[in-house]
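A.B. asks:
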Amino acid sequence: MTDLTWGLWELLLKGVWVTVQLTFFSALLGAGVAFVVGVARTHRLRVVRVLSGAYMEIFRGTSALVLMFWMFFVLPVALGWQLLPMWSAVLALGLSYGAYGSEIVRGSLAAVAPAQQEAGIALSFSPWQRLTKIVLPQAWPEMIPPANNLLIELLKGTALVSIMGVADTAFGAMLVRNATGESAPVYTIILVMYFVLAFVLTRGMRVLERHAKAGIGQAPPEKSLGVRRRVNVPRQAEAPRDVPSAGGAS
Amino acid sequence: MSTDSSTSKETRNPAVDGTELIEFKDVTKRFGNNVVLDNLCFNVDSGKHVTLIGPSGSGKTTILRLLMTLVKPEEGTIKVAGDYLTHEQRDGKLVPASERHSREVRKNIGMVFQQFNLFPNMRVLRNITEAPVHVLGLPKDEAEQRARELLELVGLTEHIDKYPSQLSGGQQQRVAIARALAMRPQVLLLDEVTSALDPELVAGVLDVLRDIAHTTDITMLCVTHEMNFARDISDDVLMFDAGRVIESGSPEKIFSDPEHERTREFLSAVL
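Chains A and B are the protein sequences, given in the same order. Using the numbering used here, you'd call the opening residue of the first sequence number -18 and step up by one each time. Using the numbering used here, you'd call the opening residue of the second sequence number 83 and step up by one each time.
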């Protein structure tokens, strides 16, 4: 490690910054795609369900790396203009991780007790109001832990862009290795860097989860040591699955 | 807007005391090959309290769910306050109702569920005000005022800022009653509202319902196994068996001198 000059460190840190940006924008796009496709898959119109299902299957079933190359090399031929490598990467990662994410969204929506929909119908809420006021707010906290997994997958998946010459962390490491001729120190360093980034993401998602659960009247998981607050709830309505139920009203 | 907005918007409520508010005509409902309701006809007059009794699987709850359009009938028509519920008239013909049409007619109906079904993501106050504000278009302060009055009626004023998960089952059910009443429905459907409660919590909920039955002119359609409660509040009792009304009459008549053998069997089993 001793022969890493400041210039080489700078190269690595700039790479980390690119990784952060890639992760951020891909996650943003991915989350948007996940919500739209996930909700569309529960739509009452069959054609909407089929189209969104097809999207999910296609983008989940194609390699993000190949998609990235496709965006970069094939799309220009079709459109007549070239995306920057960075943006074709964001597009490819966002679209394919969004497809995975849509399954999380769909699953969490389906896990909300059907009786909640019925209560919404009984109060004459429109389908859209039922989704946004009743079902989504309850599904949202359940989405966060699996979304965290996916987000970390995405973070690590961004390393693919180095193959296209985007100067991310992995690309920086390659340059440094070429300069110093040593693999061990630099790859150890970026291993730690990815870990630190992933750890920061996880902590952030934990905070989000706790906040989301408090917002639907569930006690924060940390403080209750895994035991839910069940104040005077003599008999809980059946929980939709083996996660703690959202209170007595299922 | 100070009165029920669903009636002021369109004057389609011919229902006054004594007229038919709910009309089932030849309604058949099947689940697969299982006939749950078999060519059912019955009416409920405005302001009446009608209790549906009968063995489980006899179709009582299905009637409430049909009225809430949670299930759709295979045959027959249902009218609420003079309007078709699951159909609408277009060019003089009856066609299946659009979601929007059903929703309009449904605004006349409130429902309280066996499992309360409060929204766990909303505090008590918002559980009650959400629909009046966003469905009826009531100003927020008016809806909150109404909610406070209703919470007082059900005796839960001090729990206004709690989440449903912080309440007991009985308290949750009383909030659910307040939530249904906040829409000022003409009809209140009660679907075995005490069945999921611990025995010591049942009385509190029934007291609230008795109070509502005796002090308002709301029409009630009630599925219950609480026969004493049924006797107290009902104007009419309908005895169901295998998707048909096999006997109906005043609670005195049905509970003390039933004509039908099946009714006698059922009552001796539950009383």
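Glycine is no exception: its CB is placed at the ideal position from the N, C-alpha and C atoms.
Are the beta-carbon atoms belonging to Q248(B) and F198(B) less than 8 Å from one another?
C.D. replies: Not a contact, by the Cβ cut-off of 8 Å.
A.B. asks: Exposed or buried, which one is A35(A) when buried takes at least 16 other CB atoms within 10 Å?
C.D. replies: A35(A) comes out exposed.
A.B. asks: Using a Cβ distance threshold of 8 Å, determine whether the region 112 to 127 of chain A contacts the region 83 to 99 of chain A, with at least three qualifying pairs required.
C.D. replies: The region 112 to 127 of chain A, when compared against the region 83 to 99 of chain A, does touch it at the 8 Å Cβ threshold.
A.B. asks: Relative to the alpha-carbon of P178(B), which residue among E341(B), N190(B), D165(B) has its alpha-carbon at the smallest distance?
C.D. replies: Nearest of E341(B), N190(B), D165(B) to P178(B), Cα basis: D165(B).
A.B. asks: DSSP has V269(B) in a bridge; who is on the other side?
C.D. replies: Answer by DSSP bridge pairing, in chain order: I191(B), T301(B).
A.B. asks: Give the straight-line distance between the Cα atoms of L206(A) and E190(A), rounded to the nearest whole angstrom.
C.D. replies: The pLDDT assigned to L206(A) is 42, lower than 50, so where the model puts this residue is not dependable; a value taken from the coordinates is nonetheless given after this. Distance between the alpha carbons of L206(A) and E190(A): 15 Å.
A.B. asks: Within 10 angstroms of its Cβ, does T298(B) collect 16 or more other Cβ (buried), or is it exposed?
C.D. replies: By the 10 Å Cβ count, T298(B) comes out exposed.
A.B. asks: Is the beta carbon of V14(A) sitting closer than 8 Å to the one on L76(A)?
C.D. replies: Against a cut-off of 8 Å, the Cβ pair of L76(A) and V14(A) comes out as a contact.
A.B. asks: Could you list which residues in chain B have their beta carbon closer than 8 Å to that of I197(A), in chain order?
C.D. replies: P202, N203, Y245, listed in chain order.
A.B. asks: Can we say the region 265 to 282 of chain B touches the region 182 to 196 of chain B, given the rule of at least three CB pairs closer than 8 Å?
C.D. replies: Yes: the two stretches touch, three or more of their Cβ pairs being nearer than 8 Å.
A.B. asks: Check whether the region -5 to 3 of chain A and the region 172 to 183 of chain A are in contact - that is, three or more C-beta pairs closer than 8 Å.
C.D. replies: Counting Cβ pairs under 8 Å, three or more are found: they touch.
A.B. asks: Whose Cβ in chain A lies nearer than 8 Å to the Cβ of H216(B)?
C.D. replies: Residues of chain A passing the Cβ test: F106, Q110, K114.
A.B. asks: Enumerate, from N- to C-terminal direction, the unbroken alpha helix (DSSP H) stretches of 4 or more residues contained entirely within the region 54 to 116 of chain A.
C.D. replies: Counting whole runs of 4 or more residues, the region 54 to 116 of chain A contains the alpha helix (DSSP H) stretches 56 to 60, 66 to 92, 95 to 103.
A.B. asks: Any C-beta of chain B sitting closer than 8 Å to the C-beta of E250(A)?
C.D. replies: The question about residue 250(A) has no answer, for chain A in this structure spans -18 to 231.
A.B. asks: Please return the same chain residues whose Cβ sits closer than 6 Å to the Cβ of V118(B), not counting the five positions on each side in sequence.
C.D. replies: Cβ within range, chain order: K111, G141, T144, G325.
A.B. asks: From what residue to what residue does the beta strand (DSSP E) around S350(B) run?
C.D. replies: Taken as a continuous stretch (DSSP letters only), S350(B) belongs to no beta strand (DSSP E), being part of the alpha helix (DSSP H) at 343 to 352.
A.B. asks: Taking the Cβ atom as the reference point for each residue, do R261(B) and I300(B) lie within a distance shorter than 8 Å?
C.D. replies: Not in contact: R261(B) and I300(B) (Cβ atoms no closer than 8 Å).
A.B. asks: Okay, do the region 302 to 310 of chain B and the region 118 to 133 of chain B touch, 3+ Cβ pairs below 8 Å being the bar?
C.D. replies: Contact holds: three or more Cβ-Cβ distances are below 8 Å.
A.B. asks: What does A96(A) touch in chain B if you count any residue whose Cβ is under 8 Å from its own?
C.D. replies: Those are F195, Q197, N199, listed as they occur along chain B.
A.B. asks: Using only the alpha-carbon positions, how far apart do I144(A) and F54(A) sit?
C.D. replies: When rounded, the distance between both Cα atoms is 14 Å.
A.B. asks: In chain order, what residues of the region 117 to 138 of chain A put their CB closer than 8 Å to some CB of chain B?
C.D. replies: Flagged, chain order: P118, Q119.
A.B. asks: According to the Cβ coordinates, are L207(B) and E226(B) closer than 8 Å?
C.D. replies: It is a contact, given that the beta carbons lie within the stated cut-off.
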